[in-house]
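Add 14 to a position in the sequence shown, counting from 1, and you land on the number used in our numbering.
Glycine included, every Cβ here is placed at the ideal spot set by N, Cα and C.
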Amino acid sequence: MKEEGFRQLFTAFGALSDCSLKFTKDGKFRKFGFIGFKSEEEAQAALNHFNKSFIDTSQIT
Numbered sequence: 015m016k017e018e019g020f021r022q023l024f025t026a027f028g029a030l031s032d033c034s035l036k037f038t039k040d041g042k043f044r045k046f047g048f049i050g051f052k053s054e055e056e057a058q059a060a061l062n063h064f065n066k067s068f069i070d071t072s073q074i075t
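Okay, structure coming up:
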């Protein structure tokens, strides 16, 4: 997963304040990341849509 693809999934729900994926020191994706929205309403809409769904093989919670 690339950060740009991760960002695009969530921008459909509003303006992002943060977006980051986490990697090990050797560059391996740790299969989690963080998204921040500029408003609570946008964050809730994204959560309602994505909660318990999957991106590749990782479940979103």
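Hey, residue i and residue j: beta-carbon distance below 7 Å or not?
{"i": "Gly28", "j": "Glu54", "result": "no"}
{"i": "Glu17", "j": "Leu35", "result": "yes"}
{"i": "Gly47", "j": "Phe24", "result": "no"}
{"i": "Ser31", "j": "Gly50", "result": "yes"}
Using three-state DSSP, classify residue i as helix, strand or coil.
{"i": "Phe27", "result": "coil"}
{"i": "Gly19", "result": "helix"}
Once the 5 residues before and after residue i are set aside, which same chain residues still bring their CB inside 6 Å of it?
{"i": "Ile74", "result": "Phe64, Ser67"}
{"i": "Ala59", "result": "Phe27"}
Counting only beta-carbon atoms, is residue i nearer than 7 Å to chain C?
{"i": "Phe46", "result": "Within the model displayed, chain C is absent; a lone protein chain is all it includes."}
Residues in the same chain with beta-carbon distance under 7 Å from residue i, minus the five sequence neighbours each way, listed in chain order, please.
{"i": "Arg44", "result": "Lys36, Phe37, Thr38"}
{"i": "Lys42", "result": "none"}
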